[in-house]
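**Q** Protein chains in written order, with my numbering: chain A, 752 to 1119; chain B, 685 to 991; chain C, -1 to 242.
Cβ coordinates follow ideal geometry from the N, Cα and C atoms, glycine included.
Because the structure is a prediction, the values reported are computed rather than measured.
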Amino acid sequence: MKRFFGFVKKEFFHIIRDPRTLVILFGIPIVEIMLFGYVITNELKDIPVAVLDKSGDEVTVEIQNKIYSSGFFLRGGNLYSEKEIEKAFRKGHIKQVIVFEADFSEKLEKEGTAHIELITDASDANTASMIVSYTNAIIQDYMSYRNRQLQMPLQINVETRMQYNPELKGSYMFVPGTMALILMLISAMMTSISIAREKELGTMEILLVSPLNPLQIVLGKVAPYFGLSIINAITIVTLGNLVFGVPINGSIVLLMTLVMLFILMALSLGLLISTVAKSQQQAMFLSMFVLMLPTILLSGFIFPIENMPWLLQVLANIMPPKYFIIILKNIMLKGTGFEYVWKETLILIGMTVVFIGLSVKKFKIRLE
Amino acid sequence: MESISIHIDDVSKTYANGEGISNISLSVKRGELVGLIGPDGAGKTTILRIITTLLLADKGMAMVEGFDCHKQYKNVRRIIGYMPGRFSLYQDLTVEENLKFFATIFGTTIEENYELIRPIYSQIEPFKNRRAGALSGGMKQKLALSCSLIHKPSVLILDEPTTGVDAVSRREFWEMLKGIKEKDIAILVSTPYMDEASLCDRVALMQDGKIMQIGTPAHITSQFAHTLYSVKSENMYAILKSLRTYPLVHSVFPFGQKLHLTLKTGDAADAKHFLQTQGFEEVTIEQIVPNIEDCFMELMSSKKTEV
Amino acid sequence: MNTREVIIDVENLVKKFGSFVANDHLTFQVYKGEIFGFLGANGAGKTTAIRILCGLSTPTAGKIWVAGFDAFHQTEQIKRNIGYMSQRFSLYDDLTVAENIAFYGGIYGMSRKEIKEKTEVLLNKLEFSSQKNKLISDLPLGWKQKLAFSVAIFHNPKIVFLDEPTGGVDPITRRSFWDLIYEAAENGITVFVTTHYMDEAEYCNRVSIMVDGKIAALDTPEGLKNAWNANNMDEVFLKITRKL
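1. Quick one: is V759(A) near chain B, going by C-beta distance under 7 angstroms?
2. What residues match up with T58(C) in a beta bridge as DSSP calls it?
3. Considering only C-alpha positions, which residue in the set Q85(C), G103(C) and N154(C) is nearest to T193(C)?
4. Using the Cα positions of M955(A) and K116(C), report the straight-line distance between them to the nearest angstrom.
5. For T911(A), name the three-state secondary structure that DSSP assigns.
6. Tell me the residue span of the alpha helix (DSSP H) that contains F763(A).
7. I need the straight-line Cα distance from N919(B) to N701(B), nearest angstrom please.
8. When you check each C-beta in the segment 933 to 952 of chain A against every C-beta of chain B, which residues fall closer than 8 angstroms?
9. Rounding to the nearest angstrom, what Cα-Cα distance links Q775(B) and E965(B) in this structure?
10. In terms of residue numbering, what span does the beta strand (DSSP E) encompassing T875(B) cover?
11. Could you compute how far the alpha carbon of I1100(A) sits from the alpha carbon of A931(A)?
12. Using a Cβ-Cβ cut-off of 7 angstroms, state whether T954(A) counts as contacting chain B.
13. Which chain A residues sit within Cβ distance under 8 angstroms of G791(B)?
14. Is it buried or exposed, D797(A), if we count other Cβ atoms within 10 angstroms and call 16 or more buried?
15. Could you give the first and the last residue of the continuous alpha helix (DSSP H) run that contains K1094(A)?
16. R1117(A) versus chain B: which residues are under 9 angstroms apart at the beta carbon?
17. Name the chain B residues whose beta carbon is nearer than 8 angstroms to that of N230(C)?
18. Less than 7 angstroms between CB atoms is the rule here; does G725(B) satisfy it with respect to chain C?
19. Does the separation of the CB atoms of M208(C) and G35(C) fall below 7 angstroms?
20. Run through the segment 154 to 193 of chain C for me and flag every whole beta strand (DSSP E) of 3 or more residues, listed as ranges in chain order.
21. What did DSSP end up calling Y102(C) once you bin it into helix, strand or coil?
22. Beta-carbon within less than 8 angstroms of D694(B)'s beta-carbon, same chain only, minus the 5 sequence neighbours each way: which residues are those?
23. Could you tell me the distance, in whole angstroms, from the CA atom of L1023(A) to the CA atom of L1109(A)?
24. CA-CA distance, R912(A) and I814(A)?
25. For P1060(A), is the classification buried or exposed, using 16 other Cβ atoms within 10 angstroms of its Cβ as the cut-off for buried?
26. Does the segment 96 to 115 of chain C touch the segment 136 to 153 of chain C, meaning 3 or more C-beta pairs lie closer than 8 angstroms?
27. Once DSSP output is grouped into helix, strand and coil, what is the label at H957(B)?
28. Any idea what DSSP makes of E3(C), helix, strand or coil?
29. For the pair the segment 717 to 728 of chain B and the segment 864 to 877 of chain B, tell me if three or more CB-CB distances fall below 8 angstroms.
30. Chain B beta carbons: is any one of them nearer than 7 angstroms to that of F764(A)?
31. Over the uninterrupted alpha helix (DSSP H) stretch that includes A947(A), give me the two end residues.
32. Alpha carbon to alpha carbon, how far is F758(A) from G971(A)? Give it in angstroms, no decimals.
33. Please report how far the alpha carbon of D58(C) lies from the alpha carbon of M1011(A), in whole angstroms.
34. Would you mind reading off the limits of the alpha helix (DSSP H) that contains N992(A)?
35. Taking 7 angstroms as the CB-CB cut-off, is I957(A) touching chain B?
36. Could you check what DSSP says for A746(B) in three-state terms: helix, strand or coil?
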């Protein structure tokens, strides 16, 4: 055990001593999440919004004025019946319809609560959810302004309905996607590079000739990066939540447990790469091509898997990030529990076992 | 037999490109310093790697302290100290951290075996907080040696520890090896520098994957079959070219500011006479005792003519 | 001797890295056609000085002329007039003998015809013609080194810098390598060489020994041995580097 900790300590020294590694480890996740966050969530401006105002009193007009004067939305015309909603969307330029119930202000005053329905075109899921949250914020803002003058707080119930893509597929996808990408890269690439570096330096020869067994070397290499990757995962989730408002609806404990599983999977993949790579450069290229590109292209992160040709769909099925993204999406966005992700979890566990088994088997106790 | 520490018998190993070593037999006793001497590509590293369990021989047997280097590699790894070619240190760790690391992976501490490494480590201890990457070549070499000794191995294997190191550091290094040898450790060291042969108890002269000759330096030089002369004059290059045209010459090689000459027949007077006919007046020719390098070259050329 | 043409003229060369003085007021001259040994312990500043003389690094201060060009401003001209070979880098392993030669000839702007003719001559001289289309990686080390040297002087430079050219080579090949060096010197090429083999130092016309960034001694091997009362260069080197 002491040998093992001595080894881990040494690995930490390597990481801390090399400013470049540190930047890769902690800088890249932040940069990526910001990049993906801002690239995908483009700024909301002049979104055409129509109104179906069944009450037409001063409160609904006031709310409409607030929404239209915010600068985010454009007047997309007034509708007069539910039937027109579908038509308005079909024409294509309307992105949202705001429906005020009848006798809005009366209900608000007498019952203390009134309903607004937001119907949003969710074919562009990401924009849709932003439209909703912006509209919502404006309404809440209006209410808190009204409520300041009152003792009994009034309440407007906002009900959201997504047209065309009710499950909001693709929305907030960048957080699960980026997380999968970064954990994959950091964990797998860093471990494979650090083992390759020992080979290059010739220190691997000494380690092999020492009484350390392969498992100790392998675990000693993996442990520090496991810790660091967890820190990264936390950073990403927190950034996503604070900066981009990505929710964590499910259990955080479950989320972190499965994140650790994925990290373990990525680390074992890194080990496997390192048993093949002879130099740091090779390890780097292998990680890039074997891990990064498939993660971006085939995991459903950016391109929906359903739309791919069947061959790519088959390929996508053997990409670990695909399952991780499904898990993340379920837990973070939908707030579902383990009963909905056990299948994916099982697949990831299976992959991890295979990778670890292969790399311990392939790890050479001798030079070639 | 009791004191034999490293023993390899009829070991062969061929690489994919056809190079390798063939039929190598060699043994090192406890407290003995044996040198593998030969140029790059002679197969020195291959032999050392087979002994350190890093490579498997195709044929033959390698034993360290009675343990088989193939089947009992774990036992061998526990008792062997190894310094690979290139100083394999962690450049980004400090001197002390490097030493500590190697101590822990062998399950020991610096304090426990300090006595053994003291003569070497004390020289670099003032710099113990400096990163290994910032050390000079000589200091790196001392640190690498300390690291390979930290677990008190009974066998020390050094692969070209003095290559690329200046003459002074090289000399110091050999003095350190002498000290280690006295602790009853068997040392096998490879080097391309012929002049280091005289510092070994026994040497194996290697070329093209074979041991050409093995024995004490004195024994090897006594086996030199020719009378060796040194030739000294003003214009060495001209005299060298001229001697190469002399039919009686068996071999002629420059050695520093002299030439070393052997003749097929005849003696110094004949050679001197020949040179005078060629217009070289001021020539001193005297008989000298051959060194290892003379023997090495003689062995190389006789092997070539055999083929 | 001093009437000979000076090809490298160094006066008070200083090179600092921050506060560290790697070359501390070096002053020396190298004559045309001379074999000049440049010795020193590891870290004494040899490599730094060679880099400056090759135009790869700018000196901090001093007057340095290499092949008639100023090492501060005319590094491009310097590079065109020198050849360089080191133990570490010499030829491309994955190119053939002929391709390597053609590549270096091309770098120095030689015409295709000229390259072809000189390649023939070179390979014949080295008795290499049969190996013309072999990959460098398939050649024994000694051959590689000889070829690397020949390539370094292929464009007929005024000076050739050799950085430990014979490391790890067997003693016979090492000597035939020195034959090539002598021949180049006879053809008027100045040879500037570093080595860890002290017997090789004796093959040089003159030898300088650097200690801690300074030139501690500079003379013929004979002169050095007399001055330090030593039997060979090994002793000279030891006495100089240990005393200072």
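**A** In terms of the structure at hand:
1. By one-based count along the first sequence, residue 759(A) stands at place 8. For V759(A), the nearest beta carbon of chain B is not closer than 7 angstroms to its own beta carbon.
2. In the third sequence, residue 58(C) corresponds to position 60, counting from 1. DSSP lists no partner for T58(C).
3. In the third sequence, the residue the question calls residue 193(C) occupies position 195. Per the Cα distances, Q85(C).
4. As a position in the first sequence, residue 955(A) is number 204, starting the count at 1. As a position in the third sequence, residue 116(C) is number 118, starting the count at 1. Their backbone Cα atoms lie some 46 angstroms apart in a straight line.
5. Taking the first sequence and counting its residues from 1, one reaches residue 911(A) at position 160. For T911(A), the three-state secondary structure derived from DSSP is strand.
6. As a first step, residue 763(A) is located in the first sequence; it is residue number 12 there, counting from the start. In the DSSP assignment, F763(A) falls within the alpha helix (DSSP H) that extends over K753 to R768.
7. Sequence index remark: in the second sequence, residue 919(B) carries index 235 (1-based). Sequence index remark: in the second sequence, residue 701(B) carries index 17 (1-based). Taking the straight line from one Cα to the other gives about 44 angstroms.
8. Listed by position along the chain: L952.
9. Numbered from 1 along the second sequence, position 91 holds the residue referred to as residue 775(B). Numbered from 1 along the second sequence, position 281 holds the residue referred to as residue 965(B). So the two alpha carbons sit approximately 57 angstroms from each other.
10. As a first step, residue 875(B) must be located in the second sequence, where it is residue number 191. Per DSSP, the continuous beta strand (DSSP E) segment holding T875(B) begins and ends at A870 to T875.
11. Taking the first residue of the first sequence as 1, we reach residue 1100(A) at position 349. Taking the first residue of the first sequence as 1, we reach residue 931(A) at position 180. Rounded to whole angstroms, I1100(A) to A931(A) spans 16 angstroms at the Cα level.
12. Stepping through the first sequence from its first residue, residue 954(A) is reached at position 203. Answer yes: the Cβ-Cβ gap between T954(A) and chain B drops below 7 angstroms somewhere.
13. By 1-based counting over the second sequence, the position of residue 791(B) is 107. Correct list: K753, R754 and P962.
14. Reading the first sequence from its first residue, position 46 is the one you call residue 797(A). With a threshold of 16 other beta carbon atoms within 10 Å, D797(A) falls short and is exposed.
15. As a first step, residue 1094(A) must be located in the first sequence, where it is residue number 343. Run containing K1094(A): W1093 to K1113, per the alpha helix (DSSP H) assignment.
16. Stepping through the first sequence from its first residue, residue 1117(A) is reached at position 366. R733, T737, L738, L739, L740 and Y757, listed in chain order.
17. Here residue 230(C) corresponds to residue number 232 of the third sequence, with the count starting at 1. Going along chain B in sequence order, the residues near N230(C) (Cβ under 8 angstroms) are G940.
18. Translated into the one-based positions of the second sequence, residue 725(B) becomes position 41. Chain C places a beta carbon closer than 7 angstroms to that of G725(B), counting this residue as a contact.
19. For the purposes of this step, residue 208(C) is taken as residue 210 along the third sequence, with counting starting at 1. For the purposes of this step, residue 35(C) is taken as residue 37 along the third sequence, with counting starting at 1. The Cβ atoms of M208(C) and G35(C) lie no closer than 7 angstroms to each other.
20. If we require 3 residues or more, the beta strand (DSSP E) runs fully inside the segment 154 to 193 of chain C come out as 157 to 161 and 188 to 192.
21. In the third sequence, residue 102(C) corresponds to position 104, counting from 1. In the structure shown, Y102(C) falls within a helical segment according to DSSP collapsed to helix, strand and coil.
22. Position 10 of the second sequence, counted from the start, is the residue given in the question as residue 694(B). Same-chain partners within the cutoff: N707, I708, S709, K743, G744 and M745.
23. Taking the first sequence and counting its residues from 1, the one referred to as residue 1023(A) is at position 272. Taking the first sequence and counting its residues from 1, the one referred to as residue 1109(A) is at position 358. Whole-angstrom Cα-Cα distance: 7 angstroms.
24. Position 161 of the first sequence, counting from 1, holds the residue named residue 912(A). Position 63 of the first sequence, counting from 1, holds the residue named residue 814(A). As the crow flies, the alpha-carbon of R912(A) is around 19 angstroms from that of I814(A).
25. Here residue 1060(A) refers to the residue found at position 309 of the first sequence. Classification of P1060(A): exposed, given that the 10 Å Cβ count is below 16.
26. The way I'd put it, the segment 136 to 153 of chain C does touch the segment 96 to 115 of chain C; three or more beta-carbon pairs between them come closer than 8 angstroms.
27. Along the second sequence, one-based indexing puts residue 957(B) at 273. In this structure, H957(B) counts as helix in the three-state DSSP scheme.
28. Start at 1 with the first residue of the third sequence, and residue 3(C) comes out as number 5. Per DSSP, reduced to three states, the secondary structure at E3(C) is coil, with no helix or strand assignment.
29. The segment 717 to 728 of chain B vs the segment 864 to 877 of chain B: in contact.
30. Along the first sequence, read from residue 1 onward, the residue named residue 764(A) stands at position 13. Yes, F764(A) lies at the interface with chain B (some Cβ there is under 7 angstroms from its Cβ).
31. Here residue 947(A) refers to the residue found at position 196 when the first sequence is read from its first residue. That run of the alpha helix (DSSP H) goes M941 to L952.
32. Here residue 971(A) refers to the residue found at position 220 when the first sequence is read from its first residue. Here residue 758(A) refers to the residue found at position 7 when the first sequence is read from its first residue. If I take the Cα positions, the gap works out to 6 angstroms.
33. For the purposes of this step, residue 58(C) is taken as residue 60 along the third sequence, with counting starting at 1. For the purposes of this step, residue 1011(A) is taken as residue 260 along the first sequence, with counting starting at 1. Rather than Asp, the amino acid found at residue 58(C) in this sequence is Thr. Taking the CA atoms as reference points, T58(C) sits about 54 angstroms from M1011(A).
34. Translated into the one-based positions of the first sequence, residue 992(A) becomes position 241. Here the alpha helix (DSSP H) through N992(A) covers P965 to F995.
35. On the first sequence, residue 957(A) is found 206 positions in, with the first residue counted as 1. Yes, its Cβ sits closer than 7 angstroms to a Cβ of chain B.
36. Working through the second sequence from its first residue, we reach residue 746(B) at position 62. When DSSP states are grouped into helix, strand and coil, A746(B) belongs to the strand group.
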